[in-house]
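**Student:** Can you read through this structure? Questions will come right after.
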Amino acid sequence: MDASKDALSFYTVSLSSSEPDAGMMVESPKRDRTLVFSPSNNGLAIVSNAQESVALTMTLPGATESMFVWTDNTTAFIAVPSVPIAGQASPGGVGGVNISSGAITATLGIPGARFLVPSPDGSKILVISDSANAVTLLDPSLITTGNPLTPISGTFDKPVGAVFSADGSKAYVLNCGPECGGIAASVAVVDMNTSAIQGTAISVPGGATVALLQGTSLFVAGTPSAPANDCSGVTPATAATSCGRLTVVDTVALTPATPVTISDGYHDQMQMGANSQLFVGSRNCTNINISGGEVRGCLSILNTGTGGGVTAPPDNGNVTAIEPIPNRNVVYVCEGGALRIYDTTTDKLQTTPEQPNVVGQAIDVKVVDF
Numbered sequence: 596m597d598a599s600k601d602a603l604s605f606y607t608v609s610l611s612s613s614e615p616d617a618g619m620m621v622e623s624p625k626r627d628r629t630l631v632f633s634p635s636n637n638g639l640a641i642v643s644n645a646q647e648s649v650a651l652t653m654t655l656p657g658a659t660e661s662m663f664v665w666t667d668n669t670t671a672f673i674a675v676p677s678v679p680i681a682g683q684a685s686p687g688g689v690g691g692v693n694i695s696s697g698a699i700t701a702t703l704g705i706p707g708a709r710f711l712v713p714s715p716d717g718s719k720i721l722v723i724s725d726s727a728n729a730v731t732l733l734d735p736s737l738i739t740t741g742n743p744l745t746p747i748s749g750t751f752d753k754p755v756g757a758v759f760s761a762d763g764s765k766a767y768v769l770n771c772g773p774e775c776g777g778i779a780a781s782v783a784v785v786d787m788n789t790s791a792i793q794g795t796a797i798s799v800p801g802g803a804t805v806a807l808l809q810g811t812s813l814f815v816a817g818t819p820s821a822p823a824n825d826c827s828g829v830t831p832a833t834a835a836t837s838c839g840r841l842t843v844v845d846t847v848a849l850t851p852a853t854p855v856t857i858s859d860g861y862h863d864q865m866q867m868g869a870n871s872q873l874f875v876g877s878r879n880c881t882n883i884n885i886s887g888g889e890v891r892g893c894l895s896i897l898n899t900g901t902g903g904g905v906t907a908p909p910d911n912g913n914v915t916a917i918e919p920i921p922n923r924n925v926v927y928v929c930e931g932g933a934l935r936i937y938d939t940t941t942d943k944l945q946t947t948p949e950q951p952n953v954v955g956q957a958i959d960v961k962v963v964d965f
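Residue numbers (this note's numbering): 596 to 965.
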């Protein structure tokens with residue numbers, strides 16, 4: 596796809612033999628390689644972006660929802676919550692893989708390891724284990740020279756994600772709470788110098804499953820339990836009976852603002868597009884499709900610049916990827932298996948050129964170069 600013109604390319608990279616249901620993708624720091632995961636066979640393909648071909652393939656020991664390529668542009672860290680580890684009572688671990696050779700360079704046992712969040716400079720990695728209510732600090736520099744793992748002290752409640760401050764000194768850990776079978780949704784502030792929770796977690800009754808930090812504002816999305824998930828007061832009115840919430844947390848005062856109503860579901864996608872348009876996506880939301888009437892799905896767009904309200908675009912289906920295109924007023928979104936292009940000046944689907952017709956199910960989208 597030529598993202599400068601929104602035009603489909605005639606070239607494709609075939610993954611059918613090794614990745615029967617290619618989905619999640621991750622770019623290397625230099626954007627010279629793309630990692631593609633296939634959940635049906637736990638296959639991992641490394642694609643050479645310059646050559647537009649598969650460089651190598653391998654099979655992971657279990658499914659993953661989180662992986663990234665480290666700052667060396669060679670080592671991929673992959674969380675596999677189901678992998679058995681010798682001498683460890685519960686499964687779960689983080690693997691290091693050389694994406695040039697496919698060699699396993701490290702296997703670190705961490706019960707329930709599910710999500711990985713690297714610090715801005717890559718010197719620290721937070722390993723989040725929701726099933727174990729635990730967060731572990733991984734120091735890549737100590738993998739071969741000492742003990743690279745340090746448990747973060749404090750109490751967590753079904754943690755599912757984290758966002759680092761720009762300088763890497765703090766991490767804001769998202770406690771999913773009741774939406775994930777826990778007690779209370781909140782944001783725990785972790786001091787990375789002491790590897791401990793700082794003070795009391797910030798209560799976020801609207802839910803906390805995904806977040807994005809812009810300056811001192813932490814945008815947090817989730818779906819609260821009934822009756823707090825009502826849709827009353829939404830403009831325009833909706834036929835949906837369950838709605839999510841977006842809460843802005845002031846990271847200086849450590850206080851949450853009044854939440855804003857958005858589409859419901861489990862929110863795991865959030866990106867800031869051009870013109871201060873915040874795109875929030877979820878899965879398993881309440882889809883509305885009334886013939887001649889309201890149509891809405893799992894995507895919400897918020898104008899954070901002027902506070903102009905929330906737009907629920909007329910489309911159905913899970914939002915599985917959101918990718919703003921640099922230096923352009925467009926955002927690519929995978930929703931309901933289709934690739935959509937939104938204009939951030941109108942928060943509507945772009946009409947010129949027309950929407951792309953991608954063959955197969957569009958699950959993920961990434962900018963390779965710009």
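Yeah, the Cβ is synthetic: ideal placement off N, Cα and C, and Gly gets one too. Remember, it's a predicted structure, so these values are computed and weren't measured experimentally.
Count the other C-beta atoms from every protein chain shown that fall within 10 angstroms of the C-beta of D752, then say buried if there are 16 or more, exposed otherwise.
**Tutor:** Buried, because 16 or more other Cβ atoms sit within 10 Å of the Cβ of D752.
**Student:** Quick check on this structure: which residue in G776, D627, R628 and S635 has the alpha carbon closest to the alpha carbon of S613?
**Tutor:** Among G776, D627, R628 and S635, the Cα nearest to that of S613 belongs to S635.
**Student:** Quick one: is L737 buried, meaning 16 or more other Cβ sit within 10 Å of its Cβ, or exposed?
**Tutor:** By the neighbour-count rule (16 or more Cβ atoms within 10 Å), L737 is not buried but exposed.
**Student:** With a 10 Å radius around its C-beta and 16 neighbouring C-beta atoms as the bar for buried, classify G817 as buried or exposed.
**Tutor:** Buried.
**Student:** Quick check: what's the CA-CA separation for T669 versus P773?
**Tutor:** Looking at the two C-alpha atoms, the distance is approximately 38 Å.
**Student:** Taking only the alpha-carbon atoms, compute the straight-line gap between S748 and T795 and give it to the nearest angstrom.
**Tutor:** Going from the Cα of S748 to the Cα of T795 covers about 13 Å.
**Student:** What residue does the beta strand (DSSP E) around N693 start on, and which one ends it?
**Tutor:** Start and end: G688 to N693.
**Student:** From T702 to T939, what does the alpha carbon distance come to, in whole angstroms?
**Tutor:** Cα to Cα, the separation comes out at about 43 Å.
**Student:** With DSSP run on the structure shown, which of helix, strand or coil describes A957?
**Tutor:** Correct three-state label for A957: coil.
**Student:** List the whole-angstrom C-beta distance separating G707 from S724, where the pair is believed to meet the contact cut-off of C-beta under 8 Å.
**Tutor:** Correct: roughly 3 Å between the Cβ atoms.
**Student:** For the beta strand (DSSP E) holding T915, just list the boundary residues, first then last.
**Tutor:** Where T915 is concerned, the enclosing beta strand (DSSP E) stretches over V914 to P919.
**Student:** Can you tell me whether Y927 is buried or exposed, with buried defined as 16 or more other CB within 10 angstroms of its CB?
**Tutor:** Per the 10 Å Cβ criterion, buried.
**Student:** Rounded to a whole number of angstroms, what is the C-alpha to C-alpha distance between K765 and T842?
**Tutor:** C-alpha separation (whole angstroms): 19 Å.
**Student:** So, at 6 Å on beta carbons, what are the nonlocal neighbours of R891 in its own chain, with the 5 sequence-adjacent residues on each side left out?
**Tutor:** Within the same chain, R891 has close Cβ partners I883 and A907.
**Student:** Need the endpoints of the beta strand (DSSP E) that D863 sits in, please.
**Tutor:** Segment Y861 to G868, the beta strand (DSSP E) holding D863.
**Student:** Quickly, what does DSSP pair C771 with across the bridge? List them, please.
**Tutor:** Paired residues: none, contrary to the question.
**Student:** In the structure shown, what three-state DSSP assignment does S677 receive?
**Tutor:** Here S677 sits in coil by DSSP.
**Student:** Taking the alpha-carbon positions, what's the A852 to G741 distance?
**Tutor:** Each residue's Cα considered, the two are about 43 Å apart.
**Student:** I need the straight-line Cα distance from V799 to S781, nearest angstrom please.
**Tutor:** Those two C-alpha atoms are separated by around 5 Å.
**Student:** If we call anything under 8 Å between Cβ atoms a contact, is L655 one with I673?
**Tutor:** It is a contact, given that the beta carbons lie within the stated cut-off.
**Student:** With a CB to CB cut of under 7 Å and the five nearest residues on each side skipped, what residues in its chain are close to G690?
**Tutor:** Excluding residues within five positions, the ones whose Cβ falls inside 7 Å are I673, V675, I699, A701 and T702.
**Student:** Could you give the distance in angstroms between the alpha-carbon of L807 and the alpha-carbon of F814?
**Tutor:** Roughly 5 Å between the two C-alpha positions.
**Student:** If you compare alpha carbons, which of Q809, T750 and A684 is closest to I797?
**Tutor:** The shortest Cα separation from I797 among Q809, T750 and A684 belongs to T750.
**Student:** For T830 and L873, I'd like the C-alpha separation in whole angstroms.
**Tutor:** Distance between the alpha carbons of T830 and L873: 18 Å.
**Student:** DSSP puts F605 in a beta bridge; with which residues?
**Tutor:** Its beta-bridge partners do not exist; DSSP assigns none.
**Student:** Going by beta-carbon coordinates alone, are V712 and G763 separated by less than 8 Å?
**Tutor:** Going by C-beta atoms, V712 is not nearer than 8 Å to G763.
**Student:** What residue from G657, N728 and D859 has the CA that sits closest to A821's CA?
**Tutor:** Ranking G657, N728 and D859 by Cα distance to A821 puts D859 first.
**Student:** Please state whether DSSP places L703 in a helix, a strand or coil.
**Tutor:** L703: strand per DSSP, three-state reduction.
**Student:** Suppose you measure from the CA of A779 to the CA of S760; what does that come to, to the nearest Å?
**Tutor:** If I take the Cα positions, the gap works out to 23 Å.
**Student:** How long is the line joining the alpha carbons of I958 and G688, rounded to whole angstroms?
**Tutor:** Distance between the alpha carbons of I958 and G688: 26 Å.
**Student:** For S613, name the three-state secondary structure that DSSP assigns.
**Tutor:** S613 falls in the coil class under three-state DSSP.
**Student:** Can you grab the Cα-Cα spacing for the pair P909 / R935, in whole Å?
**Tutor:** C-alpha separation (whole angstroms): 12 Å.
**Student:** Which first and last residues belong to the beta strand (DSSP E) in which V926 is found?
**Tutor:** Its beta strand (DSSP E) spans residues V925 to E930.
**Student:** Where does the unbroken beta strand (DSSP E) through L543 begin, and where does it stop?
**Tutor:** Residue 543 lies beyond the residue range present for the chain, which begins at 596 and ends at 965; the question has no answer from this structure.
**Student:** Which same chain residues end up closer than 6 Å to T946 when comparing Cβ atoms and leaving out the 5 residues on each side of it in sequence?
**Tutor:** Cβ neighbours of T946 beyond the five flanking positions: none.
**Student:** Kindly indicate which three-state DSSP category S764 falls into: helix, strand or coil?
**Tutor:** Three-state DSSP puts S764 in coil, outside helix and strand.
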